[in-house]
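Peer 1:
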Amino acid sequence: MDLKLTLQNGAVLQRNQDNVSEHDFSGSCSSTGKVFLTVTADRAVCPGFDRIECGFAARKRLQGTVRGLPVGGPYTLTLQIGSSGEKAVFKDIYVGDLWLLAGQSNMADSGFMPSLCQQRPEVRAFYMQNVWGIAQDPLHDVIHAAAPVHGGNPNNPPVKRLRGTGPGLPFGLAMYEATGVPQGLIACAHGGTSLAQWDPALKKQGGNSLYGALYERLQNLGGRVAGVLWYQGCNETGTLEKSQACESTTRKLFAALRRDCRNRNLPIVFAQLGSYIANADADAELSRRWIIVRHGQYMLGQKLKNTACVPTIDLELDDAIHLSNHAVPVLGRRMAQAMLSLTGQGEKLPPITVGRSRCFCNKLTNCARIELTFNNVCGQLQASSLPCGFGVVDKDGRWVCEAINVRLDGNRVIINTVIPYWEFADNCRIVYGGSLQPHANITDGAGRSLPCFMLDIKNENPNISPMLSQALVSEAIFGDDSFEALKLPQNMDQLNFKPAEFVTFYLKCPREAGELDSRSKLYCYKFRARAVEDMQVKMLLGADAAFLVFCDGTQIMRQYASNPVIPDEFEQELFLSAGEHEFVIVFSSNSGHGWGVCCRFSRIGALIYPEVIDVDKWQ
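Per the working numbering, the very first residue in the sequence shown carries number 1251; after that it's consecutive.
1. In whole angstroms, give me the CA-to-CA distance for Asp1731 and Leu1824.
2. Could you name the residues of the same chain whose beta carbon sits closer than 8 Å to that of Leu1412, not counting the 5 residues immediately before and after it, in chain order?
3. Beta-carbon separation of Ile1680 and Phe1640 under 8 Å?
4. Helix, strand or coil: how does DSSP classify Ile1680 here?
5. Determine the contact status of Asp1694 and Cys1638, defining contact as a CB-CB distance below 8 Å.
6. Report the partner residues of Glu1336 according to the DSSP bridge assignment.
7. Tell me which residues share the same chain as Ser1444 and place their Cβ nearer than 6 Å to its Cβ, disregarding the 5 neighbours each side in the sequence.
8. I'd like the span of the beta strand (DSSP E) that includes Ala1793, first residue to last.
9. Check whether the Cβ atoms of Leu1327 and Ile1302 lie closer than 8 Å to each other.
10. Assign His1400 to buried or exposed, taking buried as 16 or more other Cβ atoms, counted over all protein chains shown, within 10 Å of its Cβ.
11. Report, in whole angstroms, the separation of the C-beta atoms of Tyr1671 and Cys1617, which I expect to be a contact under 8 Å.
12. Confirm, please, whether the CB-CB distance from Ser1768 to Ala1795 is below 8 Å.
13. Using the C-alpha atoms, what's the distance from Cys1511 back to Asn1266?
14. Report the residue ranges of all beta strand (DSSP E) runs contained in full by the region 1276 to 1322; include only those spanning at least 3 residues, in chain order.
15. Mind checking who Pro1670 pairs with in its DSSP beta bridge?
16. Taking the alpha-carbon of Asp1564 as reference, which of Ala1586, Ala1521, Val1604 has the nearest alpha-carbon?
17. Does DSSP put Asn1220 in a helix, a strand or coil?
18. Rounded to whole angstroms, what is the Cα-Cα separation between Ser1685 and Arg1808?
19. Between which two residues does the beta strand (DSSP E) harbouring Trp1382 extend?
20. Identify, in the order they occur along the chain, each residue of the same chain with its Cβ nearer than 6 Å to the Cβ of Met1251, setting aside the five sequence neighbours on each side.
21. From this set, Val1431, Arg1619, Asp1644, which residue's C-alpha is nearest Arg1370's C-alpha?
22. If contact is defined by three or more beta carbon pairs under 8 Å, each pair taking one atom from either stretch, is the region 1834 to 1849 in contact with the region 1751 to 1759?
23. One question on the structure: do Val1285 and Leu1319 come within less than 8 Å of each other, judged by their Cβ atoms?
24. Can you tell me whether DSSP reads Thr1593 as helix, strand or coil?
25. Using three-state DSSP, classify Thr1804 as helix, strand or coil.
26. By Cβ distance, which residues of its chain are closer than 6 Å to Ala1721, with the 5 residues on each side in sequence left out?
27. Residue range of the alpha helix (DSSP H) that Met1876 falls in?
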């Protein structure tokens, strides 16, 4: 009797939802008749398993099912055809959970030895040589792998491994500690591989493709597993097209795994791409591609049912890209926590995710201040030193700058940036882990990292118009520019106007007479706006010198101001009828020392506000 890989000494059989085995086996034989199963544990026959019928043999083939064996072990299974036919004995059999371990090098045990994990007989591995044994690092051994795609051979001589630690073993140990259920780790990963090499369309190639080799081993082990651990992504950063496609390609791979495991809700826990120490000549586009992959992985964990994305960005490396033997136990435990949450076992600790986001204007700097609230935080957010890892990227993921500072408050993070508030929502995204090797050190009370992500954030007040950037400014008008003497020039139609320069958030004072010329002088800014309907608005202004405001020739505001220019410092309620309106701001330049003015509109309860007309479109 030869059952090949379908039943071996030391195997773990996948339990079903009733916590008992339902394991199919098959093989070759020379006898014919019913197949009987006897199960013993501690040298005693297990109740209900004394020569029970479990299959049939005919035409030199046999098949059957080990059904109803409770979770636990070790068991000894004896299969016999008929009353005196062929017999096979299988020792150290367990019933528990099987896990597919797949991906590239950080799953394939690339951390330096020695392993920091202790072995235990209830946590077992189906090694790449297609044999079962107690799980120990390294789980993956491509040099002796049976599947041709790995380029090895089980008959190759032994090799001393300098690298050999990964997240698989600590995951299995943590799962057993939490559940008391035997664990079986199926080693399928291969370093340096891409999603294209894991393409499920190559399944028909069998052991000559990565997915085909995984599928063959899955079928030999009964065709069902409890879930999948996946760690891959480095090879998707080579081009922008690959990095942008990573999320959708990974989604298709996960769908194929669920189909072939015959479980549409198969739990899948995957690691997010971590740090990479690049050479000094690495360009900004490489960093961009890495955060695109990281963000795509985060979004996949958010959008795809029964999956969890586990961060690695805070974990120690052994070299430029591989997690250290100190880091992989941390990742293994994190992946176990995520899997326990997905499967409803043990303490529920789903990965941290981004909740509410808000963008405010820091009145002291006029820059965007971002407030993020995180879900699933255990205790409170913390950092071993200054909280780091947040920055700003543009809408395409290109790095812009670090955050000024980051402050933690329970499950909230407050981030101050150098980006002007009125520019942030339209041009930027907040990012965590936005460079190749960010110093990202924020965790919760359970030691779990924030995920890497990019986030579009809307301004807190969406009913406020953009800053006025289209206006004309007059030549200098010399004369008394004191607050008391400020008035609309009588010769407005004789003044020379030119387009005003817009700088960051304000219309710049021309200062064409030179900054050392302290003669009293003022300037007039002129712009037009169109109201598509009758509307009650607020005109919001900032300036660093006294100013007047006129609407359609009528003065509506007289205000003293001093340095600096603070957006929205002053406001004036105003009714605008439908149609075009002309505004003039008479700006006392404070004897040429003023920087300028800023202006925009707000409208309470409506998103429609006056539309500024481009200067070149004035009639």
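Each residue gets a CB set at the ideal place from its N, CA and C atoms; glycine is no exception.
Since the model is a prediction, treat every value here as computed from it, not as a measurement.
Peer 2: Taking the geometry as given:
1. In the sequence shown, residue 1731 corresponds to position 481, counting from 1. In the sequence shown, residue 1824 corresponds to position 574, counting from 1. Rounded to whole angstroms, Asp1731 to Leu1824 spans 26 Å at the Cα level.
2. Counted from its first residue, the sequence shown places residue 1412 at position 162. Correct list, in chain order: Phe1362, Met1363.
3. For the purposes of this step, residue 1680 is taken as residue 430 along the sequence shown, with counting starting at 1. For the purposes of this step, residue 1640 is taken as residue 390 along the sequence shown, with counting starting at 1. Result yes, Cβ atoms of Ile1680 and Phe1640 sit closer than 8 Å.
4. Sequence index remark: in the sequence shown, residue 1680 carries index 430 (1-based). In this structure, Ile1680 counts as strand in the three-state DSSP scheme.
5. On the sequence shown, residue 1694 is found 444 positions in, with the first residue counted as 1. On the sequence shown, residue 1638 is found 388 positions in, with the first residue counted as 1. No, the pair does not count as a contact, with Cβ atoms beyond the cut-off.
6. The residue labelled residue 1336 in the question sits at position 86 within the sequence shown. DSSP output for Glu1336 lists no bridge partner at all.
7. Here the question's residue 1444 lines up with position 194 in the sequence shown. Within the same chain, Ser1444 has close Cβ partners Asn1485.
8. For the purposes of this step, residue 1793 is identified with residue 543 of the sequence shown, where counting begins at 1. Residues 1785 to 1793.
9. Mapped onto the sequence shown, residue 1327 falls at position 77. Mapped onto the sequence shown, residue 1302 falls at position 52. Taking 8 Å as the Cβ cut-off, Leu1327 and Ile1302 do not qualify as a contacting pair.
10. By 1-based counting over the sequence shown, the position of residue 1400 is 150. It counts as buried.
11. Stepping through the sequence shown from its first residue, residue 1671 is reached at position 421. Stepping through the sequence shown from its first residue, residue 1617 is reached at position 367. 6 Å between Cβ atoms; contact.
12. Stepping through the sequence shown from its first residue, residue 1795 is reached at position 545. Stepping through the sequence shown from its first residue, residue 1768 is reached at position 518. For Ala1795 and Ser1768, no; Cβs fall outside 8 Å.
13. Taking the first residue of the sequence shown as 1, we reach residue 1266 at position 16. Taking the first residue of the sequence shown as 1, we reach residue 1511 at position 261. Between Asn1266 and Cys1511, the C-alpha separation is close to 13 Å.
14. 1283 to 1291, 1302 to 1308, 1311 to 1320
15. The residue you call residue 1670 lines up with position 420 of the sequence shown. According to DSSP, which records beta bridges pairwise, Pro1670 is partnered with Cys1617.
16. Looking up residue 1564 in the sequence shown gives position 314. Of Ala1586, Ala1521, Val1604, the residue nearest in Cα terms is Ala1521.
17. Residue 1220 is absent from the structure shown; the chain starts at 1251 and stops at 1869.
18. The count along the sequence shown starts at 1 and reaches residue 1685 at position 435. The count along the sequence shown starts at 1 and reaches residue 1808 at position 558. In a straight line, the C-alpha of Ser1685 is about 48 Å away from that of Arg1808.
19. On the sequence shown, position 132 is the one that residue 1382 refers to. Run containing Trp1382: 1382 to 1384, per the beta strand (DSSP E) assignment.
20. On the sequence shown, position 1 is the one that residue 1251 refers to. Here the set comprises Cys1279, Glu1336, Ala1338.
21. Numbered from its first residue, the sequence shown carries residue 1370 at position 120. It is Val1431 whose Cα lies nearest to the Cα of Arg1370.
22. yes
23. Residue numbering aside, residue 1285 sits at position 35 when the sequence shown is read from its first letter. Residue numbering aside, residue 1319 sits at position 69 when the sequence shown is read from its first letter. Not closer than 8 Å, so no.
24. As a position in the sequence shown, residue 1593 is number 343, starting the count at 1. Thr1593 falls in the helix class under three-state DSSP.
25. Counting from 1 along the sequence shown, the entry for residue 1804 is found at position 554. Thr1804: strand per DSSP, three-state reduction.
26. Translated into positions along the sequence shown, residue 1721 becomes position 471. Excluding positions up to five away in sequence, the list reads Ala1750, Leu1757, Tyr1775, Phe1777.
27. Absent from the structure is residue 1876, since the part of the chain shown begins at 1251 and ends at 1869.
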